[in-house]
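One structure is given below, encoded as structure tokens.
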Amino acid sequence: MPEPTQLSKVDKTFYVDDGEKRGPMTMLRVRFHPHEAKLVAACADRRAALFDLDGEPTEVKGRGKCVLGELVCPHERGWVRCLDFHPDGRQLATGGSDRTLRLWAWKDGRPGDQPLEQVSAHAGWVEAVAYSPDGRQIATAGFDRLVKIWQADNLKLLHTLSGHASYVDEVVYTSDGRLLSGGEDGRVIVWDAQAGSLLQTIEFGGANDQSGQTPNHSGVHRLAVSRDDRWLGVAGGEKLDVYDLASGEIVASERLNMQVAFHPTADLLAGGESEAKFWNYDAGKFVPPKKDKNGKPQNATGIPGKSFAAVKRGEWSLGLRFSPNGKQVALGKADGTVELYDVV
């Protein structure tokens, strides 16, 4: 395997202040606009945060230099817990602890002031939202143990999917239109999104008596699918697994929690909680961060010719996302900031 090479340090830090004297607004999930230099974050506020990637940093008391953002996409109460862009960038979907799914028009570099559509989506928090690759469907995951599929243009309910025994944390589509959901019951369920039927259940909640391969996840928190639909990254509990969807085997495992993301063009995966590790699935193993001359892990590492990144951090990061071109990584953090890394 080629020697890992260091990537950039933090390029920019983003921060938003609502003017109220309270603790930081944890950044739960982050999304890049597909075509514009904009970033949105679901945060511990009844609104989402909007940032300009080309914005100039300014001095913020107690935080150093940050690019300031603004709060958008208001919900009635609670937190905006999840969001996703339509593939062409013309709309933004948000889900919140107010149990609603809201659809916002995107125009002139920002979402509208009022939602185009909204529905009471789940009997509990809306934990995850994802557009289908063709933009015709929106999938949501809820605290009510259900997965729901909606018509994207008018939020008409198409399918209600049951199969999880606890609340559902994540939904992701494959490029061929299948839907995967992951929940606190340790299950990943593969659905036929068009028919609304269950195709496969993969148990990550405890030891597999037959193969002994399945680790104890104590829930599935995040999922990521590779660009060719072959590999599934599963983060939860104290494990990050790479699962071969074709063979049904776990091909790599690491003690790594919470976050997982595949690079959009290269054959690499990033994940982490307090220390980033990367998986090159040509080589079939995780690549740890490169160490400096004193043996201390550096901020980010990569492999020459294959751009990917994540970071080593002192506190939890709850959002991890590659930019559409794979040249940047955004991390939403518990301290109320979003860090942006250049991939070089």
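Sequential numbering of the sequence shown, starting at 1, is according to the working numbering. By construction, the Cβ of each residue, glycine as well, lies at the ideal position given by its N, Cα and C atoms. None of the values given here were measured: they were computed from a predicted structure.
Check: Taking the alpha-carbon positions, what's the T337 to P74 distance?
Finding: Start at 1 with the first residue of the sequence shown, and residue 337 comes out as number 337. Start at 1 with the first residue of the sequence shown, and residue 74 comes out as number 74. Taking the straight line from one Cα to the other gives about 19 Å.
Checklist line | Beta-carbon contacts of T174 that lie in its chain and below 6 Å, excluding the five residues immediately before and after | finding: Numbered from its first residue, the sequence shown carries residue 174 at position 174. Around T174: V225 and D229.
Next item on the list: Report yes if the C-beta distance between S181 and V126 is below 7 Å; otherwise report no.
Entry: What you label residue 181 is simply residue 181 of the sequence shown in a count that begins at 1. What you label residue 126 is simply residue 126 of the sequence shown in a count that begins at 1. Their beta carbons are not under 7 Å apart, which means S181 does not touch V126 by this criterion.
Next item on the list: Starting from H75, trace the beta strand (DSSP E) both ways and give me its first and last residue.
Entry: Position 75 of the sequence shown, counted from the first residue, corresponds to residue 75. No residue range can be given for H75, since it is assigned to no beta strand (DSSP E) and is classified by DSSP as neither H nor E.
Note to self: For A41 and E249, I'd like the C-alpha separation in whole angstroms.
What the structure shows: Stepping through the sequence shown from its first residue, residue 41 is reached at position 41. Stepping through the sequence shown from its first residue, residue 249 is reached at position 249. Going by C-alpha positions, A41 is about 34 Å away from E249.
Notebook entry, point to check: D45: which of K61, Y243 and V72 sits nearest, CA to CA?
Noted result: The residue given as residue 45 occupies position 45 in the sequence shown. Its Cα nearest to that of D45, the residue V72 stands out among K61, Y243 and V72.
Notebook entry, point to check: Between which two residues does the beta strand (DSSP E) carrying V155 extend?
Noted result: Residue 155 sits at position 155 when you count from the first residue of the sequence shown. Looking at the sequence provided, one finds Leu at residue 155 rather than Val. Element bounds for L155: n/a, residue is neither H nor E.
Checklist line | Neighbourhood of S253 by C-beta distance below 8 Å, restricted to the same chain and skipping five residues each side | finding: Stepping through the sequence shown from its first residue, residue 253 is reached at position 253. P215, K239, L240, D241 and V242.
Next item on the list: Look up P111 in the DSSP assignment and say whether it is helix, strand or coil.
Entry: Mapped onto the sequence shown, residue 111 falls at position 111. If DSSP states are grouped into helix, strand and coil, P111 belongs with the strands.
Check: Cβ of L179 less than 7 Å from any chain B Cβ?
Finding: Absent from the structure is chain B; it holds one protein chain and no more.
Margin query: Can you confirm whether the stretch 87 to 95 touches the stretch 52 to 66 when touching is taken to mean that 3 or more C-beta pairs between the two stretches lie within less than 8 Å?
Written below: With a cut-off of 8 Å, the stretch 87 to 95 and the stretch 52 to 66 do not count as touching, because too few Cβ pairs lie within range.
Note to self: I'd like the span of the beta strand (DSSP E) that includes T201, first residue to last.
What the structure shows: Reading the sequence shown from its first residue, position 201 is the one you call residue 201. Residues S197 to E203.
Margin query: Can you list, in chain order, the residues of its chain with a C-beta nearer than 6 Å to that of H122? Leave out the 5 residues immediately preceding and following it.
Written below: On the sequence shown, residue 122 is found 122 positions in, with the first residue counted as 1. Spatial neighbours of H122 in its own chain (CB-CB distance under 6 Å, excluding positions within 5 residues in sequence) are listed in chain order as R99, G142 and D144.
Item checked: Expected contact under 8 Å - CB spacing of K38 and G109 to nearest Å -> Start at 1 with the first residue of the sequence shown, and residue 38 comes out as number 38. Start at 1 with the first residue of the sequence shown, and residue 109 comes out as number 109. The beta carbons of K38 and G109 sit about 6 Å from each other, so the pair counts as a contact at 8 Å.
Margin query: Less than 6 Å between C-beta atoms, sequence neighbours within five positions excluded: which residues of the same chain meet that for L116?
Written below: For the purposes of this step, residue 116 is taken as the residue at position 116 of the sequence shown. L103 and A105, listed in sequence order.
Margin query: Excluding the 5 residues flanking S346 on each side, which residues of the same chain have their C-beta closer than 7 Å to its C-beta?
Written below: Beyond the ends of the chain as shown, which are 1 and 344, falls residue 346; an answer cannot be given.
Checklist line | D18 (DSSP reduced to helix, strand or coil) | finding: For this step, residue 18 is matched to residue 18 along the sequence shown. Judged by DSSP in its simplified three-state form, D18 adopts coil rather than helix or strand.
Note to self: R63 and G319 - do their beta-carbons sit closer together than 7 Å?
What the structure shows: The sequence position of residue 319 within the sequence shown is 319, counting from 1. The sequence position of residue 63 within the sequence shown is 63, counting from 1. Taking C-beta atoms as the reference points, G319 and R63 fail to come closer than 7 Å.
Item checked: N-terminal and C-terminal residue of the beta strand (DSSP E) that K327 is part of -> Translated into the one-based positions of the sequence shown, residue 327 becomes position 327. That residue, K327, is in no beta strand (DSSP E); it is neither H nor E in DSSP.
Notebook entry, point to check: How many Å lie between K333 and A139 at the Cα?
Noted result: Taking the sequence shown and counting its residues from 1, the one referred to as residue 333 is at position 333. Taking the sequence shown and counting its residues from 1, the one referred to as residue 139 is at position 139. Their Cα atoms are separated by approximately 25 Å.
Note to self: Give me, in chain order, the residues of the same chain whose beta-carbon lies closer than 6 Å to that of S247; leave out the 5 immediate sequence neighbours on both sides.
What the structure shows: The residue labelled residue 247 in the question sits at position 247 within the sequence shown. Only residues of its own chain outside the window of five on either side were considered, and among them none has a CB closer than 6 Å to the CB of S247.
Item checked: Assigned secondary structure, D11 (DSSP; H/G/I helix, E/B strand, else coil) -> The sequence position of residue 11 within the sequence shown is 11, counting from 1. In the structure shown, D11 falls within a strand segment according to DSSP collapsed to helix, strand and coil.
Next item on the list: Within 10 angstroms of the Cβ of R31, are there 16 or more other Cβ atoms? Answer buried if so, exposed if not.
Entry: As a working mapping, residue 31 is identified with position 31 in the sequence shown. With a 10 Å radius around the Cβ and a threshold of 16 neighbouring Cβ atoms, R31 comes out buried.
Margin query: Assuming S25 is part of the beta strand (DSSP E), what are its boundary residues?
Written below: Locating residue 25 in the sequence shown gives position 25, counting from the first residue. As written in the sequence, residue 25 is Met, which differs from the Ser given in the question. From DSSP, M25 is part of no beta strand (DSSP E); its letter is neither H nor E.
Next item on the list: Whole angstroms is fine: what's the gap from D335's alpha carbon to Q200's?
Entry: Numbered from 1 along the sequence shown, position 335 holds the residue referred to as residue 335. Numbered from 1 along the sequence shown, position 200 holds the residue referred to as residue 200. C-alpha separation (whole angstroms): 38 Å.
Note to self: Going by C-alpha to C-alpha distance, which of E70, G135 and R227 sits closest to P111?
What the structure shows: Counting from one through the sequence shown, the residue named residue 111 turns up at place 111. Looking only at E70, G135 and R227, the smallest Cα-Cα distance to P111 is reached by E70.
Check: Who are R178's beta bridge partners in DSSP?
Finding: In the sequence shown, the residue the question calls residue 178 occupies position 178. Note: R178 sits in a beta bridge opposite D192.
Margin query: Can you check which of these residues, E76, D84, V60 and K65, is closest to L50 by C-alpha distance?
Written below: The sequence position of residue 50 within the sequence shown is 50, counting from 1. Checking every option, the nearest Cα to that of L50 belongs to D84.
Next item on the list: Starting from the C-beta of P379, find all residues in its chain whose C-beta is less than 7 Å away, skip the five residues before and the five after it, and write them out in chain order.
Entry: The question about residue 379 has no answer, for the chain in this structure spans 1 to 344.
Checklist line | Inter-residue CB distance, Q137 and A193 (contact presumed, cutoff 8 Å) | finding: By one-based count along the sequence shown, residue 137 stands at place 137. By one-based count along the sequence shown, residue 193 stands at place 193. At roughly 6 Å, the Cβ-Cβ gap stays under 8 Å, so Q137 and A193 are in contact.
Margin query: For R222, list the residues DSSP reports as bridge partners.
Written below: In the sequence shown, the residue the question calls residue 222 occupies position 222. According to DSSP, which records beta bridges pairwise, R222 is partnered with A235.
Margin query: Can you look up D52 in the DSSP assignment and give me helix, strand or coil?
Written below: As a first step, residue 52 must be located in the sequence shown, where it is residue number 52. Strand, per DSSP.
Next item on the list: Just tell me which of E59, L68 and E36 has its CA closest to the CA of D18.
Entry: One-based indexing of the sequence shown puts residue 18 at position 18. Nearest C-alpha to D18: L68.
Notebook entry, point to check: Are the beta-carbon atoms belonging to L245 and V172 less than 7 Å from one another?
Noted result: If you number the sequence shown from 1, residue 245 lands on position 245. If you number the sequence shown from 1, residue 172 lands on position 172. When the beta-carbon positions are compared, L245 and V172 stay at least 7 Å from each other.
Next item on the list: State the DSSP-derived secondary structure class of F143, mapped to helix, strand or coil.
Entry: Residue 143 sits at position 143 when you count from the first residue of the sequence shown. Under the three-state reduction of DSSP, F143 is assigned to coil, being neither helix nor strand.
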